[in-house]
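Participant: Residue numbers (my numbering), protein chains in the order written: chain A, 6 to 973; chain B, 264 to 471. Backbone N, C-alpha and C define an ideal beta-carbon position, used for all residues, glycine too. Below you'll find the structure I mean.
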Amino acid sequence: MAAFLIFLVILGLSVGLLSSWRRNRKLVAQARSTTQVQVDERTNELERANEDLKRDQAELRRRWQYLAEAQRLSHAGTFGWKVPSGELVWSDETYRILGFTRETNPTLDLVFDRVHPDDLDRVRQLSDRAAQNGMDLDVEHRILLPDGVIKYVHGVAHAGKDSSGNLEYMGVVTDITERKRAEEEREALSRSLQESKARLEEAQSVAHVGYWDWDLETGEIIWSDETYRIFGFKPQECRMDIETVRGLVHPDDREALYSTVDEEVAVGVHPVHQHRIVRPSGEVRNVQSITSKLWKTTAVGPEDGISREHNRLFGTVQDITELKRAKEASHALSRDLQESKDWLEEAQRVAHLGYWVWELETNQVIWSEETYRIFGLVPKGDSFDVALVGEMMHPDDREAVFMTAKKAIDTGTRADCEHRLFRPDGEMRVVHSLGDVRKNSQGRIQMFGTTQDITDRKLAEQALRQSQFYLSEGERLAHIGSWASTDLGIRWSEDLNIYWSDEVYKIFGFDPKNGTPSLQQFLSAVHPQDQASLTATMKKLHEEHCGCDVTNRIIRPDGEIRYVRCVGIPVVEDGVFKGYRGTTMDVTEQELLTQELRREQAYLAEAQRLTHTGSWAANFVTGQNFHLSDETVRMHGFDPSEEAIPFERFFNTVHTEDQPAVRAALENATRTGTDYDIEYRIRRADDGEIRFFRSLGHHHPSGEMAGYVGTTMDITEQKHAAQERERLRQIEADLAHINRINMMGELAAALAHEIKQPISASITSANALLRWLAHDPPDLERARAAATRIEQDGNRAADVINRLRSFYKKGAPPEREIVDVKEIIQEMIVLLSDEAVRHSITIHSEIDAETPNILADRVQLQQVFMNLMLNAIEAMKDTGGDLTIRSGLNTEGQLLISISDTGVGLPAENTERIFDAFHTTKPQGTGMGLAITRSIMESHGGRIWATANHGAGATFHFTLPVEAEAHA
Amino acid sequence: MKSAAGPTVFIIDDDRSMRQAIQDLVESVGLRAEAFATGQDFLRKQPTSDPSCLVLDVRLPQMSGLDLQRQLADTGVQIPIIFITAHGDIPMSVRALKSGAVEFLTKPFRDQDLLDAIQQALQRDSDAREQRAEIHDLQGRYQSLSAREREVMTLVVTGMLNKQIASEVGASEATVKIHRGHVMQKMQAGSAVELVRMADKLKLSPRK
């Protein structure tokens, strides 16, 4: 019976537990769900849960009484334990609970086997004690089943005596696992509920949420403390009823609120409303109230004791004034945020900066709109694989970019790279991407980054670099550097503070890394000869605050000498002297050029002086002299140091006789704008000496009609020389004439015989004639014969003289005419044939039929033949011989004459000397014959030379050009 | 030797007029003249036994006057020459005169000058012939001398005494005297002086 009771108790307890546990579970679930549903409603739900809990607890107390009985209904296993023998009897349920089969012989050991190791000691102790003193057993412990399952069991046993009076226990073992679990849960729940309650209270006060409970039947309203506070009361200050509450609602919201609430409650919807309330103090607050559904509760009426169903409503009210404000602020913020977002978008667009998120675990990428635009794609919302991004990159950059990303991911540092990409239309852009690795709010590893289209910037940078390069190149090419000093002029010391630009270092050959040189170092770079003047200049700058522009030599560290021009300007701000600023230029090339120019000008002036040539530029009409070289001035007898001698004075030096001609020439030239070339005499301005000038004027094409540039040369010496030459030419002509005369003389000598013979014969004949006449009687016949002979001889003589006549003519200027060479040769042969015969010389002529006519002076040509033939005769006169004249054309088409003899021949050495003037072998010779012959040849453009014959004698050859027409 | 009709003047001049004129002149004074154009023509002519002279122009073709003179000398023809020339060349005249010309005249010459020269030349030729004849005679006589006699003669004309000659010759004085006598005889010398003169004429060179 006791066991049954115990059983019932246990059952009841279990049932009670179960049901209350179930109820609790429901409540908890509800509380949970309510808490869940309501982000803002959480506190309301908690309040309700708390209410439920309170009610349940009341219920729980009532049910306990039933538990005692209800427990019996549960499955409990019974057992009997005979202590002395240790015999055990188990019911089916006991077997089941302990996890043995019915066939197993129950022993204590088996029981102990099942006992959880952790509880074993306790159980053993208890059983031992029980075995000793026979007290009631009541133990809970765990059992550990073979399959590892742990159960909780409750063993209750009452000690009694058996029929033998031995100690015997009878008991029940109940599987209370579920109950235990439930208990534990309940405990936990209770704890959590307690906590929740505490938190609820806390939450209420923090969240300004209060709850209320309205019994619709009684009109009773229960408020939580917070609700009082919200409405501006002190907690539990007074009892509430619906009228009071209604009154607290803001008049404007009252009607709307209550009508709506009624409707919704009827429908079964959780009314959630926001409305204003007016506190007693007059302060208006915003609240949100949430009303539950209608609850039905049973309550015992206080008057009549009848339990009735009451409709209850409960709910929460939350002071959302701050929340509202916050919401409004947040809306405003949200608006601002949206606006900011829009601006951000805009900014992104403007800055060409897009952002992206790369989920590293999934390799998915999300892009902002701008990022799409940068890549030339249409903005989409969804993510895509990062490989697509890689494909759009420039192939050469791809690897580097992903390596940079990998490094950033591995080391957690920022990824930073520039790379190129290709838009779908093929356009290439340059972008700058930055990325940070981080975990997002959900713990996923991402890389968040930005990509900026820097193409334009890159181009601009490039352009800038280029122009910077050009600029620095320009500076370098122009060798101009800049410097500045704030000390110079204010504070003088060894280390004057001077700033040098890079180019200045370069000019001086210093290393910028060594910093600005000290004054000492700077001066030591200056050429020793220039140091003093530069130091003086600097001192002057320092003391007088003036500007400077000086050029000095410096010696570079490598020993090279350069010319450096330094220009300094004082800096004055608001009337206050602040220092110096300036440029330094390497003007070596200019300086050397200038020096060279000056040298060349000096050479030119010297050359002019030496050649007596002066240069000038003038305008004849205005009488303006633009340029007069020193020599021009000097040669006219003026002083070069005199300033601006006018054109008129120059003109006045012209010899009076020549002035008209000069004036005419200049006028003509200026009128026609042509060049002129005139010669005239001047009378020097200083000593009156007469000089010959030649002036060449070139019309200067500058547009000015009378602008001329030219040279004037003192040709006095040349003139004299020309006059001298003329004189000499005259002498030469006279000499030629003399030579001809001489030759004539020679010819005459040669012909003397020709003449003497007939004349001598005539005289002798005349003598004979006289003697014949002196006979007694005179021999008239013989006399007549003699007279006849005289006549003949006279004529003969006359002939010879006639032949000589042509040589009488005094040398007129050489006249060139077409001459028949063959004819002249014939003449000569005839002329000299008697002479030749006389000397036993035979004349042979080999005249080629092609012997051309030539353009020559007949007399001179005759002179040549005469000279050569007489010479040939002369060479052979003692021995006789052959005189051969050959004429024809040579291989070059020139006339070739050869006159050869078999006489004494040429001198062995210096054959050419025979053509020299005054070279003669004849006692009465002038030595001019061959010289003049050669001169005649040369004047005709021919050549003459002599060769020795293989045999005896010599041959004289000469050539003359054959002219087709007469030359002017 | 052909006998001509008196002294002859030979004229050689290449100028015909001149030849004729001179011939005419010579004949006008009664002398005989023969004219030739060239030297060769003259050389071909037979020599005459009468005194003659030669009027010769220096300037002749082929063989000049001087050459002819030389050639005549070479062949032993000793005919006096009168040179005439159109040139008045001093060296030539000197050379001509040196080589034995009688006169050197330049044309035109005075007729009298020529005639005088001709006379002179003829005379010379005559004298020369005489002399030649004389020498020829002497030579004949000399030829008749024996070698020894010649030897003696050579020494006698040096003025040597017989005694000296004897020692010189290596003979006795008596022998020498004999030879001397023969010499005198054969030579037809009247005296030693005459002998000397003969020796001179014969141009005997003393033995040294």
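Let me see if you follow: with CB-CB separation under 8 angstroms, is R794 of chain A close to chain B or not?
Facilitator: yes
Participant: Using a Cβ-Cβ distance under 8 angstroms, would R333 of chain B count as near chain A?
Facilitator: By the rule that beta-carbons nearer than 8 angstroms mark a contact, R333 of chain B does not touch chain A.
Participant: Identify the residues that DSSP records as bridge partners of F299 of chain B: which are they?
Facilitator: B:I275
Participant: Who are the neighbours of D304 of chain B on chain A, taking C-beta pairs under 7 angstroms?
Facilitator: Going along chain A, no residue has its Cβ under 7 angstroms from D304 of chain B, so there is no contact; the nearest lies around 15 angstroms.
Participant: In this structure, how does DSSP classify M326 of chain B when only helix, strand and coil are distinguished?
Facilitator: coil
Participant: For S765 of chain A and chain B, any beta-carbon pair shorter than 8 angstroms?
Facilitator: yes
Participant: Check whether the region 572 to 590 of chain A and the region 480 to 493 of chain A touch, using three or more Cβ-Cβ pairs below 8 angstroms as the test.
Facilitator: yes
Participant: With 9 angstroms as the C-beta to C-beta threshold (strictly closer), list the residues of the region 276 to 297 of chain B near chain A in chain order.
Facilitator: D276, D277, D278, R279, S280, M281, R282, Q283, A284, I285, Q286, D287, L288, V289, E290, S291, V292
Participant: Please report how far the alpha carbon of A957 of chain A lies from the alpha carbon of F346 of chain B, in whole angstroms.
Facilitator: 30 angstroms
Participant: Residues in its own chain within less than 6 angstroms of T521 of chain A by CB, not counting five upstream and five downstream?
Facilitator: For T521 of chain A, where only same-chain residues beyond five positions count, the Cβ hits under 6 angstroms are I503, W505.
Participant: Applying the 10 Å Cβ sphere with the 16-neighbour rule, what's the burial state of V5 of chain A?
Facilitator: Beyond the ends of chain A as shown, which are 6 and 973, falls residue 5 of chain A; an answer cannot be given.
Participant: Reducing DSSP to helix, strand and coil, say where S132 of chain A ends up.
Facilitator: Residue state, collapsed to three classes: helix.
Participant: Would the beta-carbon of L837 of chain A fall within 8 angstroms of that of I878 of chain A?
Facilitator: yes
Participant: Residues bridged to W777 of chain A by DSSP?
Facilitator: DSSP lists no partner for W777 of chain A.
Participant: To the nearest angstrom, how far is it from the Cα of A135 of chain A to the Cα of V161 of chain A?
Facilitator: 12 angstroms
Participant: For a contact meaning CB atoms closer than 7 angstroms, what does D374 of chain B contact in chain D?
Facilitator: Among the chains of the structure shown, chain D does not appear; the protein chains present are A and B.
Participant: Report yes if the CB atom of E350 of chain A is closer than 8 angstroms to the CB atom of R449 of chain A, and no otherwise.
Facilitator: no
Participant: Using 8 angstroms as the threshold, is the C-beta distance between I226 of chain A and V250 of chain A below it?
Facilitator: Yes, they are a contact pair.
Participant: Distance cutoff 8 angstroms, beta carbons only. Does A380 of chain B sit that close to anything in chain A?
Facilitator: False, the Cβ-Cβ gap to chain A never drops below 8 angstroms.
Participant: Can you list, in chain order, the residues of its chain whose CB lies under 7 angstroms from that of Q457 of chain A, leaving out five sequence neighbours each side?
Facilitator: A356, H357, L358, V436, H437
Participant: Which whole-angstrom value describes the C-beta separation of W219 of chain A and I181 of chain A, a residue pair presumed to lie in contact below a C-beta threshold of 8 angstroms?
Facilitator: 42 angstroms between Cβ atoms; not a contact.
Participant: Assess, as a yes-or-no matter, whether the region 616 to 627 of chain A is touched by the region 504 to 519 of chain A under the definition of 3 or more beta carbon pairs within less than 8 angstroms.
Facilitator: no
Participant: Assign E52 of chain A to buried or exposed, taking buried as 16 or more other Cβ atoms, counted over all protein chains shown, within 10 Å of its Cβ.
Facilitator: buried
Participant: What residues from chain A crowd round P371 of chain B, counting only those whose CB sits closer than 9 angstroms?
Facilitator: K761, I764, S765, A766, S767, I768, T769
Participant: Does any residue of chain A have a CB that is nearer than 8 angstroms to the CB of A300 of chain B?
Facilitator: No, its Cβ sits nowhere closer than 8 angstroms to a Cβ of chain A.
Participant: Using the three-state DSSP reduction, which class does M433 of chain A fall into: helix, strand or coil?
Facilitator: strand
Participant: For L493 of chain A and T416 of chain A, I'd like the C-alpha separation in whole angstroms.
Facilitator: 55 angstroms
Participant: Shortest alpha-carbon distance to A326 of chain B belongs to which of A:H955, A:G893, A:S845, A:D507?
Facilitator: Checking the sequence shown, residue 326 of chain B turns out to be Met, not Ala. Out of A:H955, A:G893, A:S845, A:D507, A:S845 has the C-alpha closest to the C-alpha of M326 of chain B.
Participant: Quick one: residues in its chain with C-beta nearer than 6 angstroms to the C-beta of R481 of chain A, no 5 flanking neighbours on either side, listed in chain order?
Facilitator: none
Participant: To the nearest whole angstrom, what separates the beta carbons of F625 of chain A and Y713 of chain A, a pair I think is in contact under 8 angstroms?
Facilitator: 6 angstroms
Participant: In chain order, what are the residue ranges of uninterrupted beta strand (DSSP E) at least 3 long that sit wholly in the region 249 to 299 of chain A?
Facilitator: 277 to 283, 289 to 296
Participant: With 8 angstroms as the threshold, decide whether the Cβ of A359 of chain B is near any Cβ in chain A.
Facilitator: no
Participant: Tell me which residue opens and which closes the beta strand (DSSP E) that E509 of chain A is part of.
Facilitator: The question names Glu, but residue 509 of chain A in the sequence shown is Val. Secondary structure note for V509 of chain A: it is in no beta strand (DSSP E), and the uninterrupted alpha helix (DSSP H) holding it is 507 to 513.
Participant: Would you mind stating whether R244 of chain A and G215 of chain A have Cβ atoms separated by less than 8 angstroms?
Facilitator: With contacts defined by Cβ atoms closer than 8 angstroms, R244 of chain A and G215 of chain A do not form a contacting pair.
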